[in-house]
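Undergrad: Dropping a structure here in structure tokens format, bear with me for questions.
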Amino acid sequence: AADEPAALARTAAAGLDARAGANLVRFIADQREATRIVPDHEHLVVERFRDELGDWRIVLHSPYGMRVHAPWALAVDARVQERLGVEAHAVASDDGIVLRIPDAADEPPGSELFEFDAEELAQLATERVGDSALFASRFRECAARALLLPRQNPGRRSPLWQQRQKASQLLEVARDYPDFPIVLEAVRECLQDVYDLPALTALAERIRGRRVRFVDVATETASPFAASLLFGYVGAFMYEGDAPLAERRAAALSLDPGLLAELLGTVELRELLDPAVVDETERMLQRRHPDRLARGEEGVADLLRELGPLTPAEVGER
Numbered sequence: 021a022a023d024e025p026a027a028l029a030r031t032a033a034a035g036l037d038a039r040a041g042a043n044l045v046r047f048i049a050d051q052r053e054a055t056r057i058v059p060d061h062e063h064l065v066v067e068r069f070r071d072e073l074g075d076w077r078i079v080l081h082s083p084y085g086m087r088v089h090a091p092w093a094l095a096v097d098a099r100v101q102e103r104l105g106v107e108a109h110a111v112a113s114d115d116g117i118v119l120r121i122p123d124a125a126d127e128p129p130g131s132e133l134f135e136f137d138a139e140e141l142a143q144l145a146t147e148r149v150g151d152s153a154l155f156a157s158r159f160r161e162c163a164a165r166a167l168l169l170p171r172q173n174p175g176r177r178s179p180l181w182q183q184r185q186k187a188s189q190l191l192e193v194a195r196d197y198p199d200f201p202i203v204l205e206a207v208r209e210c211l212q213d214v215y216d217l218p219a220l221t222a223l224a225e226r227i228r229g230r231r232v233r234f235v236d237v238a239t240e241t242a243s244p245f246a247a248s249l250l251f252g253y254v255g256a257f258m259y260e261g262d263a264p265l266a267e268r269r270a271a272a273l274s275l276d277p278g279l280l281a282e283l284l285g286t287v288e289l290r291e292l293l294d295p296a297v298v299d300e301t302e303r304m305l306q307r308r309h310p311d312r313l314a315r316g317e318e319g320v321a322d323l324l325r326e327l328g329p330l331t332p333a334e335v336g337e338r
């Protein structure tokens with residue numbers, strides 16, 4: 021392509037060697053050839069194609085990351101179940117969402133599966149998080165911290181499989197109590213510490229306002245980006261039967277909406293922080309503060325070990 025030299029120059033400036041840069045440029049070019057457009061922050065690509073069994077695979081290509089895609093996938097699962105009466109088994113990753121729709125006479129759905137009102141999206145994610153493996157693992161960790169998973173010998177570590185069994189039994193009892201604090205804390209961790217619901221609802225509003233648009237494409241086989249996503253999708257289900265009981269048990273949680281709303285709050289944690297303190301902390305961690313500047317060759321080596329790859333200009337700032 022005419023802009024290939026410029027693209028290779030950008031990959032070299034980003035620290036890629038010639039072979040890695042050429043592979044990346046080729047990868048993106050192959051994707052553009054397959055779907056006519058490469059997804060970016062303003063254009064989300066919804067690709068659909070048939071799998072080996074003749075069922076439909078629908079892939080959302082999006083650059084917004086796992087913290088946005090994971091709760092979005094929960095809402096998509098709920099919508100597919102409501103509209104089509106089937107489980108979509110949506111799987112999220114940093115690069116998008118993959119779901120499966122059984123073969124039907126009608127044309128399979130497309131981007132309409134992913135468009136929600138912001139409030140509906142947050143509500144569905146909150147309602148469905150209790151069915152996720154993430155919630156089961158967070159509940160186990162919360163119960164262990166609260167000393168609700170007793171050990172026969174406090175001086176020895178309990179095997180993880182025993183902790184999972186005890187956590188599963190505790191969760192079965194706790195599901196009937198809407199105000200059980202460990203359940204509420206596990207939900208709070210999922211919604212606030214793991215998921216980025218504010219970013220997801222802001223994205224939903226931009227989609228509604230057509231500042232972010234969906235592009236529907238149909239392909240004969242998976243595009244290069246979709247093939248990468250499908251690799252993770254297959255991995256999620258290949259050993260599904262081996263998943264620990266607590267992580268694959270799905271049952272409706274009984275939550276007290278008032279207590280949950282009070283626990284989650286309406287003020288973002290970032291709004292509680294002093295901007296000056298945030299800026300000072302960032303300068304310290306990024307080694308831009310006068311007290312943290314690198315000195316000598318050993319200092320530069322420590323700088324790279326701490327922050328990772330940096331350009332010569334970025335090293336000069338530190």
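In the numbering used here, the protein residues as written are 21 to 338.
We put the CB at the ideal spot given by N, CA and C, even for glycine.
Being a predicted model, the structure only gives us computed values, none of them experimental.
(1) For residue 333 and residue 169, I'd like the C-alpha separation in whole angstroms.
(2) Should residue 243 be labelled buried (16 or more other beta-carbon atoms within 10 Å of its own) or exposed?
(3) What's the C-alpha gap between residue 264 and residue 202?
(4) Using alpha carbons as the reference points, say which of 336, 45 and 55 lies closest to residue 308.
(5) Quick one: residues in its chain with C-beta nearer than 8 Å to the C-beta of residue 267, no 5 flanking neighbours on either side, listed in chain order?
(6) Taking residue 81 as part of the beta strand (DSSP E), name the residues at either end of that continuous run.
(7) Hey, how far is the Cα of residue 101 from the Cα of residue 107?
(8) Looking only at DSSP bridge pairs, what is residue 227 linked to?
(9) For a test of the three-state rule: what should DSSP assign to residue 237, helix, strand or coil?
(10) Can you give me the start and stop residues for the alpha helix (DSSP H) that residue 316 sits inside?
(11) Quick check: what's the CA-CA separation for residue 78 versus residue 41?
(12) If you follow the alpha helix (DSSP H) that residue 94 is in, where does it begin and where does it stop?
(13) Among 319, 177, 118 and 26, whose alpha-carbon lies nearest the alpha-carbon of residue 66?
(14) Is the beta carbon of residue 224 less than 7 Å from the beta carbon of residue 141?
TA: The relevant details are as follows:
(1) 52 Å
(2) buried
(3) The pLDDT assigned to residue 264 is 48, lower than 50, so where the model puts this residue is not dependable; a value taken from the coordinates is nonetheless given after this. In a straight line, the C-alpha of residue 264 is about 20 Å away from that of residue 202.
(4) The candidate whose alpha carbon is nearest that of residue 308 is 336.
(5) Its pLDDT being 46, under 50, residue 267 is placed unreliably in this model, and the coordinates cannot settle the point.
(6) 76–81
(7) 6 Å
(8) DSSP, once it has assigned bridges, lists no residue as partnering residue 227.
(9) strand
(10) 316–327
(11) 29 Å
(12) From DSSP, the alpha helix (DSSP H) with residue 94 extends over 86–104.
(13) 118
(14) Closer than 7 Å, so yes.
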